[in-house]
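Q: Could you have a look at this structure, given as structure tokens, before my questions?
Residue numbers (the numbering used here): 1 to 437.
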């Protein structure tokens, strides 16, 4: 291992050494002057005592900070062919990575987060809490807590922990009263019981899983998702809305929450205001994405933010929500609910789904989202990528690596060049992307 590798920009090694060296010089100066002059109690004696103390403080601080930063980084390092210094550098640079806010819920959001964490730890996931079905719904009704399911998925996706822990968090009981319930949901429920509130429980859970980023519920208010259908009917309940729409062959006109004055977390709004890139989706349009954006303060913060705003299109339509929807319909629905045009980029799929899997989805009534570019305004740049990925269960998902790489390329092109203070970050991210090819 080359000793000079430890002195690369970004590791802060030189800073710690300089601080410690200055402390040592002051210590030597102070102690030598005191010993040379003898114990003469005058103003100079007091001055040299102060110099001695400052030297000791600087040496102590340099050692403590160096150890603290080293342990923070070494916690997430597994030694392999790469040298420890390379890993150390990589971890330090990820801490300085682009500030990304991802808004949504469901499987789509957590899938994307797995790819993003390879480039930056400055990730904030803002997650819907409108879920009222499955295991989350049971805990919500039984314990009066916010639904933990989507938040659990995001925590696990951003976790830097052993595979066994991830498997444990996602484990679902198959028998008894707990049938269908996940261990991770129960863990969050227990953490909620010993915490001041749900937000505090999530922070503690993040510490347990060594989460690289932050996960926030969009609100701590107990909300109900409601939909007004095209026929004027009002349907209440996140799990009920798609069922009613499908059975009655009705489309959704708009989505809203009860109570309508639900307040977002201050931390979530701050993250949006400070972001380099805001990502909306992928996920169920009306039941995962919209519950976040119909909160007025969230929508206003997103529109006012100087970040680039990226919508990641779904690959397939969804029964009871977006049947017959084209790409432009998804975009129009989002901007309609937010009260203004603000999306800068759309990442859409142009990859081909293997016939055997496409046939299965088609039999279930789903179609590929049509990329009707001609119906989308010129101010939106559409980026086409092969996003098709079939997971181990034979389910269609977005390719998280392709998504993350595409988002980072946008940040390099439109964000970093405008900030001269982030030249090193620009260089590092560019090199990372080259190595991923």
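Virtual Cβ for every residue (Gly too), placed ideally from N, Cα, C.
(1) Within 10 Å of its beta-carbon, does residue 233 have 16 or more other beta-carbons around it, so buried, or fewer, so exposed?
(2) Within the chosen definition, does the region 123-131 reach the region 286-306 through at least 3 CB pairs nearer than 8 angstroms?
(3) Considering only DSSP beta bridges, list what residue 182 is partnered with.
(4) Between which two residues does the beta strand (DSSP E) harbouring residue 258 extend?
(5) State yes or no: is the C-beta of residue 470 within less than 9 angstroms of the C-beta of residue 31?
(6) Does the region 387-395 come close enough to the region 348-357 that 3 or more CB-CB pairs lie under 8 angstroms?
(7) With burial defined as no fewer than 16 other Cβ atoms inside 10 Å of the residue's Cβ, what is the status of residue 420: buried or exposed?
(8) Is the Cβ-Cβ distance between residue 275 and residue 253 less than 9 angstroms?
(9) Given a cut-off of 9 angstroms on the beta-carbon distance, is the pair residue 307 and residue 415 in contact?
(10) So, using beta-carbon positions, are residue 309 and residue 280 closer together than 9 angstroms?
(11) Between the Cα of residue 327 and those of 152, 320, 319, 346, spot the shortest distance and give me the residue it belongs to.
(12) When burial is assigned at 16 or more other CB atoms within 10 Å of the CB, is residue 187 buried or exposed?
(13) Tell me the rounded alpha-carbon separation between residue 336 and residue 142.
(14) DSSP state of residue 342, grouped into three classes?
(15) Count the other CB atoms, across all protein chains shown, that sit within 10 Å of the CB of residue 374; report buried if there are 16 or more and exposed otherwise.
(16) Would you call the region 248-265 and the region 214-229 touching, i.e. three or more CB-CB distances under 8 angstroms?
(17) Smallest Cα separation from residue 343: which of 267, 356, 376?
(18) If you count every other CB in all the chains shown that lies within 10 Å of the CB of residue 443, and 16 or more means buried, which is it?
(19) Does DSSP classify residue 442 as helix, strand or coil?
(20) Relative to the C-alpha of residue 49, which candidate in 63, 64, 109, 27 has its C-alpha closest?
(21) From the DSSP output, which residues share a beta bridge with residue 229?
(22) What would DSSP say about residue 429, mapped onto helix, strand or coil?
(23) Measuring straight from C-alpha to C-alpha, what distance separates residue 432 and residue 272?
(24) In whole angstroms, what is the alpha-carbon distance linking residue 173 and residue 165?
(25) Please classify residue 240: does DSSP put it in a helix, a strand, or coil?
(26) Give every residue of the same chain whose Cβ lies closer than 6 angstroms to the Cβ of residue 236, excluding the five residues on either side of it in the sequence, and list them in chain order.
(27) Between residue 168 and chain D, is the shortest Cβ-Cβ distance under 9 angstroms, so that the two count as touching?
(28) Provide the residue(s) that pair with residue 347 in DSSP beta bridges, ordered along the chain.
(29) Which class does residue 368 belong to by DSSP, given the choice of helix, strand or coil?
(30) Near residue 19, which residues of its chain fall below 7 angstroms by C-beta distance, leaving aside the five closest residues on each side in sequence?
(31) Do residue 107 and residue 212 have their C-beta atoms within less than 9 angstroms of each other?
(32) Using 9 angstroms as the threshold, is the C-beta distance between residue 247 and residue 133 below it?
(33) Please say whether residue 369 and residue 330 have beta carbons closer to each other than 9 angstroms?
(34) Can you tell me where the alpha helix (DSSP H) with residue 291 in it begins and where it stops?
(35) For residue 211, which of helix, strand or coil comes out of DSSP?
(36) Roughly how many angstroms separate the alpha carbons of residue 404 and residue 393, rounded to a whole number?
A: Working from what's here:
(1) exposed
(2) yes
(3) 172
(4) 252-258
(5) Within the shown structure, residues of the chain are numbered from 1 to 437, placing residue 470 beyond reach of any answer.
(6) Taking a cut-off of 8 angstroms for Cβ pairs, the region 348-357 and the region 387-395 touch, as three or more such pairs fall below it.
(7) exposed
(8) No.
(9) yes
(10) yes
(11) 346
(12) buried
(13) When rounded, the distance between both Cα atoms is 35 angstroms.
(14) coil
(15) exposed
(16) They touch, by the three-pair rule.
(17) 376
(18) As displayed, the chain neither begins before 1 nor continues past 437, which places residue 443 out of reach and without an answer.
(19) Any question about residue 442 goes unanswered here, given that the chain covers just 1 to 437.
(20) Nearest C-alpha to residue 49 among 63, 64, 109, 27: 27.
(21) The partner list for residue 229 (beta bridge, DSSP) reads 252.
(22) helix
(23) 25 angstroms
(24) 16 angstroms
(25) In the structure shown, residue 240 sits in coil (DSSP, three-state: anything other than H, G, I, E or B).
(26) 224, 226
(27) Here chain D cannot be found, since the structure has a single protein chain.
(28) DSSP, once it has assigned bridges, lists 312, 383 as partnering residue 347.
(29) strand
(30) 58, 61, 62
(31) no
(32) no
(33) Cβ distance < 9 angstroms, so residue 330 and residue 369 count as in contact.
(34) 290-293
(35) strand
(36) 22 angstroms
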